[in-house]
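Taking it in order: structure first as structure tokens, then the write-up.
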Amino acid sequence: MLELPPPLLTLDGVSHGPRTLHDASLSLYPGEVLCLVGKSGAGKSTLLRIAAGLLPPGKGRALLPGGVSLYELPEQVLVSLRRRRFGFVAQDAGDTLDMAASAAANIAQPLFDNGERHFGRALAAARRWFAALDLDAARLGDRPGVFSGGMRQRLQIARALVHGPEILFLDEPTNGLDTAAQARLLTLLSDLQRCTGVAMLLVTHDLRIARLIAHRVLVLEAGGVVEEAPPDRLIADPRHPAARDLVAAMI
Amino acid sequence: MAILHAEGIEKRYGARTVGPVSFMLAAGETGLVLGGSGSGKSTLLDLIHGTRRASAGAAVLHIGGWRRDLFNLSVPELVAARRAAIGYCTQFLPAIPGRTGLDLARQVAPSVAAEAVFERLALPPRIWNLPASSWSGGEKQRLNLALAALRRPPLLLLDEPFAALDRALHPVLRSFLTDLAEEGTALLIALHHAEDGLPAARTLVSLNQPAKG
């Protein structure tokens with residue numbers, strides 16, 4: 737129990753663009769919540785997209801267990817692996833949700849993408865995830881456009897978890913939500929993490945969020961990882977100036 | 021057999037120094053870290069937990085066949101060691117706003133009956149389902165202890181567990197901690213006054229004067 741299991745995903749020296757990301761590395765372990773924190777423009781979202789199989793890095797590799805290199809896979813294999821093993825929650829719900837489809841259809845889509853053919857089974861799963869995210873079953877037929885911001889984020893999370901992924905990627909999931917909706921979303925995320933055991937890689941600029949949910953935090957600055965710590969240590973004993981700035985911004 | 025072996029642990033902040041401190045703590049044993057305000061008691065617990073980085077020394081954790089210096093672990097290894105083996109009850113409750121005490125307990129240890137632990141700590145049932153942020157200081161402190169104890173860590177660090185409690189509750193806490201120790205948990209308790217300690221406790225560290233260089 738004290739030994740570390742092998743990581744689910746490793747980024748090895750990835751770079752992107754002339755300045756966006758420079759030689760960044762990370763490992764994500766089973767069942768952990770790893771937060772990427774940093775100012776706007778530090779490269780957090782780019783690193784997240786590379787880890788999630790959505791953006792090939794200019795340099796470096798993304799490795800899965802067994803040494804499988806994500807971006808050396810044929811495009812179709814990468815797409816199907818991403819659909820099966822990953823879930824992605826974007827900052828803007830419009831990036832992952834189909835605004836013209838019902839909430840139920842949105843949640844069920846990843847199941848159909850993974851080969852589900854039985855409409856009733858998919859609908860039942862959508863209904864279960866709707867309830868798990870505290871969404872009102874009476875609104876399963878509504879389109880995402882009529883939902884509140886907090887509900888749309890929960891809808892995204894349901895859609896990202898319905899197929900039982902190993903890793904959930906989240907890009908500033910609480911952005912634009914009021915404090916009460918933020919707290920509610922964090923509560924749900926930490927419960928779901930515990931129930932499903934899914935590993936999470938979460939981007940935030942707010943160390944308060946990392947403190948509440950992360951097991952481990954990486955600080956990014958100017959496209960590089962400058963500090964790694966458990967959240968309590970990062971707050972009590974920040975070393976890098978960028979980490980100190982983030983701690984100062986909490987107050 | 022020592023579960024925790026501290027060797028020359030030291031923390032320097034500019035001109036101030038805490039330590040060096042050395043001691044051994046065995047499973048089921050209760051060790052005290054005594055000292056006044058500002059003497060570095062909390063710092064010492066923070067160093068062992070890895071909340072702060074030590075300037076020198078080693079804290080060797082020995083559980084089963086696993087034996088490692090906590091100061092030399094990678095961050096992922098430290099996180100894993102904490103989750104499996106180290107509980108830390110500070111004076112602050114790190115809780116997501118809006119969660120009830122019972123929610124928090126279920127989140128920490130879904131398979132353990134939190135109600136029984138709450139009762140042993142004399143937490144009134146009427147508050148169990150209220151947001152923990154609305155609990156009083158003494159209630160939060162006991163909740164914090166309940167959350168740390170529910171995970172049954174082999175090593176439990178406690179920072180001034182009696183601080184926010186009125187005298188009438190001290191025996192409750194004392195018997196709760198004594199039970200934990202009897203069940204095999206090693207307790208390391210930072211205290212202002214030795215008389216608050218447990219009958220079977222042993223003073224491992226005295227940090228009597230305020231830390232200075």
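Respectively, the protein sequence lines represent chains Y and B. Sequential numbering from 737 applies to the first sequence in our numbering. Sequential numbering from 21 applies to the second sequence in our numbering. Note that the Cβ used here is the ideal one computed from N, Cα and C, for glycine as well.
Listed along chain Y, no residue sits closer than 8 Å to isoleucine 29 of chain B by beta-carbon distance, the nearest being about 15 Å off. Short of 6 Å from the beta carbon of phenylalanine 883 of chain Y, and not among the five residues preceding or following it, lies no beta carbon of its own chain.
Within chain Y, the residues Leu738 have their CB atoms less than 7 Å from the CB of alanine 105 of chain B, given in chain order. Any Cβ of chain B closer than 8 Å to the Cβ of alanine 978 of chain Y would place that residue at the interface, and such an atom is absent. Among the residues of the region 60 to 94 of chain B, those with a Cβ less than 7 Å away from any Cβ of chain Y are Asp66, Gly70, Thr71, Arg72, Arg73, Ile83 and Trp86, in the order of the chain.
Using beta-carbon distances, glutamate 180 of chain B does not count as an interface residue toward chain Y, since no partner is under 8 Å.
For glutamate 768 of chain Y, the nearest CB of chain B lies under 8 Å from its own CB, placing it at the interface with that chain. Per DSSP, the unbroken beta strand (DSSP E) holding lysine 795 of chain Y starts and ends at 795 to 800. Along the region 740 to 766 of chain Y, the positions whose C-beta sits under 9 Å from a C-beta of chain B are Leu740, Pro741, Pro743, Ser763 and Tyr765, read in chain order. A direct Cα-Cα distance of roughly 28 Å separates arginine 930 of chain Y from phenylalanine 91 of chain B. Judged by DSSP secondary structure, phenylalanine 138 of chain B falls outside any beta strand (DSSP E) and instead within the alpha helix (DSSP H) spanning 134 to 140. Under the 10 Å beta carbon count, proline 810 of chain Y is surrounded by fewer than 16 other beta carbons and is classified as exposed. For glutamate 964 of chain Y, the neighbours in chain B by C-beta distance under 8 Å run, in chain order, Val95. When the Cα atoms are used, glycine 900 of chain Y and glycine 77 of chain B turn out to be separated by approximately 44 Å. Identification of residues in the region 48 to 60 of chain B having a C-beta nearer than 7 Å to some C-beta of chain Y yields an empty set. Taking 8 Å as the cut-off between beta carbons, the residues of the region 935 to 957 of chain Y near chain B are Arg947, Leu948, Ile949, His951 and Arg952, in sequence order.
Among the residues of chain Y, those whose CB is under 8 Å from the CB of arginine 119 of chain B are Thr923, following chain order. Counting only runs of 4 or more residues that sit fully inside the region 882 to 941 of chain Y, the alpha helix (DSSP H) segments are 885 to 897 and 915 to 932, in chain order. Neighbours of aspartate 870 of chain Y across chain B, judged by C-beta separation under 7 Å, do not exist; the nearest C-beta is about 12 Å away. Beta-bridge annotation (DSSP): arginine 36 of chain B is paired with B:Tyr33.
Of the candidates B:Thr37, B:Glu27, B:Thr50 and B:Ile29, the residue whose Cα lies closest to the Cα of aspartate 199 of chain B is B:Thr50. Listed by position along chain B, the residues whose Cβ is nearer than 9 Å to that of alanine 972 of chain Y are Asp66, Thr71 and Arg72.
As DSSP reads the structure, histidine 25 of chain B sits in a beta bridge with B:Met44 and B:Val80. With respect to chain B, the C-beta atom of serine 926 of chain Y has a partner C-beta closer than 8 Å.
Within the same chain, Ile29 and Glu30 come within 6 Å of glycine 39 of chain B by CB-CB distance, once the 5 residues on both sides are set aside.
Buried is the label assigned to leucine 24 of chain B, since at least 16 other Cβ atoms lie within 10 Å of its Cβ.
Take alanine 844 of chain Y, set aside five residues on each side of it, and the residues of its chain with a beta-carbon closer than 6 Å to its own are Ala858 and Ala862, in chain order.
DSSP lists Y:Phe905 as the bridge partner or partners of phenylalanine 824 of chain Y.
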